[in-house]
Amino acid sequence: MKRLFLMAVSLIAIASCSTTRNIEKAEEITQLQVSYSDYFTGKTMRYDFHHAGDYNNEYYYFDKLIREGEWAGSHVSLINPFDYGEQHFRILDATSGKVIYKNNYCTLFNEWQTTPEAVTTARSFPESVIFPEPKNDFVIEFYARNKESKVWEKKQSHKVCVNDFNINPSHNNFESIDRHIGGDIAHSFDIVLLPDGFTEAEKEKFIEACHTWSAALFSYAPFTQNGHRINIRAVWAPSQDSGISIPGTGEWKNTLLECRFYTFNSERYQMTEEFQKVRDVAAAVPYESIFILTNTDKYGGGGIYNHYGLGSAGKTGRTGEVYVHEFGHSLMGLGDEYIEKGNTVSALYPEGVEPWEANLTRFVDFNGKWENRISKETPIPTPRIEGSTAEEWVIGAYEGGGYLEKGIYRGWPECMMKALTDFCPVCQEAITKYLDYLCK
Ligand SMILES: [Zn+2]
Numbered sequence: 026m027k028r029l030f031l032m033a034v035s036l037i038a039i040a041s042c043s044t045t046r047n048i049e050k051a052e053e054i055t056q057l058q059v060s061y062s063d064y065f066t067g068k069t070m071r072y073d074f075h076h077a078g079d080y081n082n083e084y085y086y087f088d089k090l091i092r093e094g095e096w097a098g099s100h101v102s103l104i105n106p107f108d109y110g111e112q113h114f115r116i117l118d119a120t121s122g123k124v125i126y127k128n129n130y131c132t133l134f135n136e137w138q139t140t141p142e143a144v145t146t147a148r149s150f151p152e153s154v155i156f157p158e159p160k161n162d163f164v165i166e167f168y169a170r171n172k173e174s175k176v177w178e179k180k181q182s183h184k185v186c187v188n189d190f191n192i193n194p195s196h197n198n199f200e201s202i203d204r205h206i207g208g209d210i211a212h213s214f215d216i217v218l219l220p221d222g223f224t225e226a227e228k229e230k231f232i233e234a235c236h237t238w239s240a241a242l243f244s245y246a247p248f249t250q251n252g253h254r255i256n257i258r259a260v261w262a263p264s265q266d267s268g269i270s271i272p273g274t275g276e277w278k279n280t281l282l283e284c285r286f287y288t289f290n291s292e293r294y295q296m297t298e299e300f301q302k303v304r305d306v307a308a309a310v311p312y313e314s315i316f317i318l319t320n321t322d323k324y325g326g327g328g329i330y331n332h333y334g335l336g337s338a339g340k341t342g343r344t345g346e347v348y349v350h351e352f353g354h355s356l357m358g359l360g361d362e363y364i365e366k367g368n369t370v371s372a373l374y375p376e377g378v379e380p381w382e383a384n385l386t387r388f389v390d391f392n393g394k395w396e397n398r399i400s401k402e403t404p405i406p407t408p409r410i411e412g413s414t415a416e417e418w419v420i421g422a423y424e425g426g427g428y429l430e431k432g433i434y435r436g437w438p439e440c441m442m443k444a445l446t447d448f449c450p451v452c453q454e455a456i457t458k459y460l461d462y463l464c465k
């Protein structure tokens, strides 16, 4: 449930007249190795800003800097080499101009830009990124993909003096709970689980939901084999009210993270627009990835790459599968492999442009995805034999995915990102590679 706004495409196509502005393309980063101890203090720095605009424009407005706890990420993998996401940011040493950190991500603002509201109305969303705290003055640069060409364009540059007395300390007294500790934080992938809509009296219910989440994750390959390098911690942060707001039926709740259904008027799209509040709570533990568990039995959730994932904790039935599906989005931006019947055009996956997602292709830039895993005997596109079983399937290029019936391909007939079954071999390999990078 990552992207639900395809209905807006035709409207947007009409409204899309480009405004004149100076566009600065992203310079390639040639030096991917950075010495952590030379450039970073060991702590985390957080940069809060407002991401604002409309369909045609986007702007970044600085809010504040915060010094947080120990840096949870790798000390080796500092420049994200995967070309995933709709956004990325870079940290440059102010004196030498050298790029010392880069990470990619997506945001709720990116999705909102594809809604009809963005054609007529300008809005802002509170956003935030974290990175290892630099020892010396630095420049932070933000980049976004051009919507049509998907080429990276520089949007914002801000020089920061590390001795600026306006940099805030972190205030966080929330209780933390270790759920699963696989290894030391620098060499493990650190996940934090956050509650929303659980009252003081519902702590045990939240802890139970955290057990369910962890058990679900480790029941699917390749996570099953990677428990030794995954840490899962929870933060206990109660809400005033029990439950989650459902604006479409007039039910409003006072909850800590302000999660709600009907995000962008889509009933099942349950997210929060208050991302800085999410970071405020998450800062109780060292973390790289956030997943929010909401106290509701209503079906819904979402997952945005390197932003956060969210799932209903009270829903009986396929809760675990939904958690893991949404985590596939939030971990590394895996694309939905399902098809929406009759859907032939998508602004998300324009013709002639390779999707950045590891598990979808339009054969524009297939090299580096799963091309080398397809045997020479396998026909392209690969037909799915009626009545065949998983044991008989081969890695290929099966037509349909990314909500489209035609012109886009996935590597396996079924997947967690399609029908909540096991991850397909293509996704499993991509996840393992990503974990290898994160855990160096
Ligand atoms: Zn897959």
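Everything in the sequence shown is counted per our numbering, starting at 26 for the first residue and increasing by one. All C-beta atoms in this analysis are idealised placements derived from N, C-alpha and C, irrespective of residue type, glycine included. Bear in mind that the values here come from a model prediction, so they are computed numbers and not experimental data.
| Asked | Found |
| --- | --- |
| If you drop the 5 nearest sequence neighbours on each side, which residues of the same chain put their C-beta closer than 8 Å to that of P263? | P220, F223, T224, E225, E227, K228 and L281 |
| Measure the CB-CB distance between I104 and K123 and report whether it falls below 8 Å. | no |
| With DSSP run on the structure shown, which of helix, strand or coil describes T145? | helix |
| Under 7 Å Cβ to Cβ from S213, same chain only, skipping five residues before and after it: list those, please. | G207, R254, I255, N256 and C464 |
| Can you tell me whether W418 sits near ligand 3, meaning its C-beta is under 7 Å from at least one heavy atom of the ligand? | In the structure shown, ligand 3 is absent; the only ligands present are ligand 1. |
| List the residues that DSSP assigns as beta-bridge partners of H113. | N129 and Y168 |
| With DSSP as the reference, please indicate the residues paired to N256 in a beta bridge. | I206 and D215 |
| When you compare the CB positions of L117 and E53, do they come within less than 8 Å of one another, or not? | no |
| Taking DSSP's pairing of strands, which residues face D70 in a bridge? | Contrary to the premise, residue 70 reads as Met rather than Asp in this sequence. Paired residue(s): R92 and F156. |
| Can you look up S182 in the DSSP assignment and give me helix, strand or coil? | strand |
| Cα separation between A422 and G275? | 45 Å |
| When you compare the CB positions of D162 and C186, do they come within less than 8 Å of one another, or not? | yes |
| Give every residue of the same chain whose Cβ lies closer than 6 Å to the Cβ of S149, excluding the five residues on either side of it in the sequence, and list them in chain order. | H75 and A77 |
| Would you report the Cα separation of L31 and E379, rounded to the nearest angstrom? | No answer about L31 holds up, because its pLDDT of 40 lies below 50 and its placement is not dependable. |
| What three-state label does DSSP hand E200 in the structure shown? | strand |
| Start and end of the alpha helix (DSSP H) containing R270? | It is worth fixing the name first, because residue 270 is Ser in this sequence and not Arg. Note, S270: premise wrong, no alpha helix (DSSP H); not H, not E. |
| Do A372 and T146 have their C-beta atoms closer together than 8 Å? | no |
| With 16 other CB atoms within 10 Å as the buried threshold, where does L57 fall? | exposed |
| Sort out for me which residues DSSP pairs G275 with in a bridge. | Answer is none; G275 lacks a bridge partner. |
| Do V154 and Y84 have their CB atoms nearer than 8 Å? | no |
| Looking at the secondary structure, which residues open and close the beta strand (DSSP E) in which F316 lies? | S314 to T319 |
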